[in-house]
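What follows is a single structure, written as structure tokens, with notes after it.
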Amino acid sequence: MGRRIVWRDGGPSNALEWAPPVILVAVITLFASTLDLMADFLVCSRIAEFMENFHSKVAVLAAYGYFFFTGVSVFVYIFEMVDVCQTLKYEEENVFLLD
898 MGRRIVWRDG GPSNALEWAP PVILVAVITL FASTLDLMAD FLVCSRIAEF MENFHSKVAV
958 LAAYGYFFFT GVSVFVYIFE MVDVCQTLKY EEENVFLLD
């Protein structure tokens, strides 16, 4: 895990580019994704608590839509955590989808 500094020779705006360590990005992603999923579950529990007060069909459909959205978020979270754990294990990000 070294520092990644790249000299970009791209015309008039020659610049020195720096990227943060991939482990730092992976840990921040792990933390942010976990908080996001927890927030989705909290909102779902609040919606479920007040479902009997919804009087219109549109409100009920919107609530079920949010429940579906949270279910999709769980699958996205699982795939994201597999990627983050592999990044933390190998100390480099796998940019290829299927390897």
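For the sequence shown, the residue numbers in our numbering are 898 to 996. We treat Cβ as the ideally placed atom computed from N, Cα and C, and that holds for glycine.
Legend entry - Limits of the unbroken alpha helix (DSSP H) element including E977: Boundaries of the alpha helix (DSSP H) harbouring E977: 954-987, taken from the DSSP string.
Inset, instruction - Just confirm the distance between the C-beta atoms of E988 and I920, as a whole number of angstroms; I'd bet it's less than 8 Å. - result: Correct: roughly 6 Å between the Cβ atoms.
Inset, instruction - Classify V973 as buried or exposed, calling it buried when 16 or more other Cβ atoms lie within 10 Å of its own Cβ. - result: An exposed status is given to V973, since fewer than 16 other beta-carbon atoms sit within 10 Å of its beta-carbon.
Inset, instruction - Check each candidate in H952, V957, T967, A945 and name the one with the smallest Cα separation from M935. - result: Nearest of H952, V957, T967, A945 to M935, Cα basis: T967.
Inset, instruction - Compute the Euclidean distance between the alpha carbons of A959 and F928, then round it to the nearest angstrom. - result: Near 28 Å, if we compare the C-alpha coordinates of F928 and A959.
Legend entry - Buried versus exposed call for V981 [16 or more other C-beta atoms within 10 Å across all chains shown]: Burial call: buried.
Legend entry - Whole-number beta carbon distance between A916 and L985, since they are thought to touch under 8 Å: At roughly 17 Å, the Cβ-Cβ gap does not stay under 8 Å, so L985 and A916 are not in contact.
Inset, instruction - Since I believe C941 is in contact with Y963 (beta carbons under 8 Å), could you give me their beta-carbon distance rounded to a whole number of angstroms? - result: Right, the Cβ-Cβ distance comes to about 7 Å (below 8 Å), so this counts as a contact.
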